[in-house]
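First comes the structure, then the notes that go with it.
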Amino acid sequence: MRNIWILSLVSFFTDMGTYMVTPLIPIFLASSGPFLIGVIDGLSESLASVLKFFSGRKSDRLKNRKGLALTGYGLSGVGRVFLIFSSSWIGVLIWKIVDRTGKGIRTAPRDALLSESGGKKKQGRTFGFHQMLDMLGAALGIGVAYTILQLEGSQNIKSVFMYSLIPVIVGWMILLTIKERRTQSEPKTSGGITYLQWKQLNPQVKSLLWIVGLFTIVNSSNSFLLLRAANLGVSTPNVLLMYLIFHLTASSLSYFSGVFSDKFGRRGILTAGYAVYGAVYIGFAEVHSVTGLVVLFILYGLYSSLTKGIEKALVVDMANSKNKGEALGFYAMITGIGLFPASLLTGWLWQSFGPEISFLINGMIALISAFLLTRSLRNIERLKNTD
Numbered sequence: 001m002r003n004i005w006i007l008s009l010v011s012f013f014t015d016m017g018t019y020m021v022t023p024l025i026p027i028f029l030a031s032s033g034p035f036l037i038g039v040i041d042g043l044s045e046s047l048a049s050v051l052k053f054f055s056g057r058k059s060d061r062l063k064n065r066k067g068l069a070l071t072g073y074g075l076s077g078v079g080r081v082f083l084i085f086s087s088s089w090i091g092v093l094i095w096k097i098v099d100r101t102g103k104g105i106r107t108a109p110r111d112a113l114l115s116e117s118g119g120k121k122k123q124g125r126t127f128g129f130h131q132m133l134d135m136l137g138a139a140l141g142i143g144v145a146y147t148i149l150q151l152e153g154s155q156n157i158k159s160v161f162m163y164s165l166i167p168v169i170v171g172w173m174i175l176l177t178i179k180e181r182r183t184q185s186e187p188k189t190s191g192g193i194t195y196l197q198w199k200q201l202n203p204q205v206k207s208l209l210w211i212v213g214l215f216t217i218v219n220s221s222n223s224f225l226l227l228r229a230a231n232l233g234v235s236t237p238n239v240l241l242m243y244l245i246f247h248l249t250a251s252s253l254s255y256f257s258g259v260f261s262d263k264f265g266r267r268g269i270l271t272a273g274y275a276v277y278g279a280v281y282i283g284f285a286e287v288h289s290v291t292g293l294v295v296l297f298i299l300y301g302l303y304s305s306l307t308k309g310i311e312k313a314l315v316v317d318m319a320n321s322k323n324k325g326e327a328l329g330f331y332a333m334i335t336g337i338g339l340f341p342a343s344l345l346t347g348w349l350w351q352s353f354g355p356e357i358s359f360l361i362n363g364m365i366a367l368i369s370a371f372l373l374t375r376s377l378r379n380i381e382r383l384k385n386t387d
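Counting with my numbering, you get residues 1 to 387 for the letters of the sequence shown.
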C-alpha cells in the first residue's frame, strides 16, 4: 500500500496544479474559437498517447519505471513556465505539448507500478483508489483557482497559472520517495521480451479495442463542456464550480466502482459508464439552464468513476506479466490518440452547425459504443470460461 499511496498522492498534487489551469484555458482562448481549441487539445493529447505506448514498452525492457515517471512528472513543471509567460494561443500550445509529453512518458510506467503494488485480485480497487485521489486533487485545484479569482478578480487568470506550479513541484518531490519493486532477473532468451503485436491478439480482444477506439472518436476534450457552460452565460468562477462538482463526484465514487468491479465483474459497470457518457452529451445538446448544467456535470463525474480506473484494471486482467507496461501504454495510446480527430470533429461541428448538433452526434455514437461494448465483453468472458 505504501507505493499505492505515494503514487496516488503524486497524482493528487500534480492534478491539483493541472486543474488550477485546465478549466481556464477555454476561457483564456475563447476569442480564438472552438476549432483552434480543439486543434490544441487534440494534437497535444494524441502526441501524449503515442508516447504512452513507447514509454510503457521501455519501462518493461529497462525495469526502471520510477526513472521514466520522474522524467514525465518533471516535464509538467517545465511546461508550466511556458504557460505563465504566454500571451496568446502559441504559448498555450507549447505548454500543452510539453505538459502532455510528460504525461505520455509517465502514465504507463506509473500504472504498471500501481498494478505491481496491488494484489492480482484487487486491480479494480487499486486503480479506483488512485483515481479517487487523482480526481480529488483536480477538484481541490479547481477550488483553489476559484478562490484566487474571487480574491484577485475574475480576470486575473495569469496569477492562477503562476500559483499552479507549486503543487506540481510538491508532487514531483513526493515521487522521489517511491521504492520500485525489483524482480529477480530472468534468464535471457534469444527472443528477449515478447512485444505486443496486433496480429497476435485474439479476435475478441481486437473487437474490444475497435469498440474502445470508436468511443474515443467521440470522447472529445472536456474544454468543450466548459465552453458550452460559458456559451450559456455562466460566469468564469461559476464554470469552475461546475467543473469542481464533476471532479468531486468522480472522486467520491471511483474507489467504490473499483471494489465493485473486483467482486462482480467489469462488464456491467463499464458498459453503464459508456451509456451515461452518451446520455450526458445528448443532455448538453438540449440544456438551457444552470440547474440542468449542474446535473449534467454530476452525471459526467459518474461516467468518469465508472470507466477510468475500470478500463485500466481490465487491461491488466488481460495482460501478460512481462509486458504489463506495454499493454497499459497500448491501451492509453488507443484511448488517447482518437482525441485529436474527436476534438477536431467536435470543434468543426460546433463552428459549422452549433453546439447542439456537435453534442448530439457525439452522444448518439457513444450509446452505440455502449451497446457494442457489452456484447464484446460478454464474448470475452464466455471465451475465458471455456478455456
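Positions of the beta carbon are idealized from the N, C-alpha and C atoms, including for glycine.
Here the structure is a predicted model, which means the values were calculated and not measured.
Let's test the definition: count the other Cβ atoms within 10 Å of the Cβ of residue i and tell me whether it reaches 16, buried, or not, exposed.
i      : result
Met1   : exposed
Ile357 : exposed
Ile142 : buried
Ile105 : buried
Met173 : exposed
Ser376 : buried
Phe330 : buried
Leu47  : buried
Phe129 : buried
Leu248 : buried
Ile219 : It should be pointed out that residue 219 corresponds to Asn in this sequence rather than to Ile. Flag for Asn219 reads buried.
Leu372 : buried
Thr307 : buried
Ser76  : buried
Trp210 : exposed
Phe28  : buried
Ile90  : exposed
Ser164 : buried
Leu133 : buried
Thr216 : buried
For residue i, does the three-state DSSP call read helix, strand or coil?
i      : result
Gly329 : helix
Ser11  : helix
Thr271 : helix
Gly118 : coil
Ser252 : helix
Asn64  : coil
Ser76  : helix
Gly153 : coil
Leu36  : helix
Glu180 : coil
Ser257 : helix
Asn219 : coil
Val81  : helix
Ser235 : coil
Leu29  : coil
Where do the N-terminal and C-terminal ends of the alpha helix (DSSP H) with residue i fall, by residue?
i      : result
Pro23  : Counting along the chain, Pro23 falls outside any alpha helix (DSSP H), and DSSP gives it neither H nor E.
Met1   : Taken as a continuous stretch (DSSP letters only), Met1 belongs to no alpha helix (DSSP H), as it is neither H nor E.
Ala344 : Looking at the sequence itself, residue 344 is Leu, so the reference to Ala does not match. First-last of the alpha helix (DSSP H) with Leu344: Leu339 to Phe353.
His288 : Premise fails: His288 is in no alpha helix (DSSP H) and is neither H nor E.
Arg88  : Reading off the sequence, residue 88 comes out as Ser, not Arg. From DSSP, Ser88 is part of no alpha helix (DSSP H); its letter is neither H nor E.
Arg228 : Ser223 to Asn231
Gly265 : Here Gly265 belongs to no alpha helix (DSSP H), and DSSP marks it neither H nor E.
Leu165 : Leu165 to Leu175
Check: Pairing CB atoms from the stretch 118-130 with CB atoms from the stretch 246-262, are three or more of them under 8 angstroms?
Finding: With contact defined as three or more Cβ pairs closer than 8 angstroms, the stretch 118-130 and the stretch 246-262 are in contact.
Check: At a cut of 8 angstroms, does the stretch 74-88 reach the stretch 99-116 through at least three beta carbon pairs?
Finding: With a cut-off of 8 angstroms, the stretch 99-116 and the stretch 74-88 count as touching, because enough Cβ pairs lie within range.
Margin query: For the structure I just gave you, are there three or more beta carbon pairs, one from the stretch 16-31 and one from the stretch 132-149, closer than 8 angstroms?
Written below: They touch, by the three-pair rule.
Check: Okay, do the stretch 158-177 and the stretch 8-16 touch, 3+ Cβ pairs below 8 angstroms being the bar?
Finding: Enough Cβ pairs lie closer than 8 angstroms, so yes.
Next item on the list: Examine the Cβ distances between the stretch 213-223 and the stretch 34-45 and report whether three or more of them are shorter than 8 angstroms.
Entry: Contact between the stretch 213-223 and the stretch 34-45 is present, because at least three Cβ pairs lie under 8 angstroms.
Item checked: Given 8 angstroms, three or more beta-carbon pairs between the stretch 262-277 and the stretch 335-353 -> Under the three-pair Cβ rule at 8 angstroms, the stretch 262-277 does not count as touching the stretch 335-353.
Checklist line | Inter-stretch contact at 8 angstroms, needing at least 3 Cβ pairs: the stretch 231-245 / the stretch 361-377 | finding: The way I'd put it, the stretch 231-245 doesn't touch the stretch 361-377; fewer than three beta-carbon pairs between them come closer than 8 angstroms.
Check: Touching or not, the stretch 145-153 and the stretch 277-286, by the rule of three or more beta carbon pairs under 8 angstroms?
Finding: Per the Cβ contact rule, the stretch 145-153 is not in contact with the stretch 277-286 (fewer than 3 Cβ pairs under 8 angstroms).
Next item on the list: Take every Cβ of the stretch 290-307, pair it with every Cβ of the stretch 227-235, and state whether three or more of those distances are shorter than 8 angstroms.
Entry: Contact between the stretch 290-307 and the stretch 227-235 is present, because at least three Cβ pairs lie under 8 angstroms.
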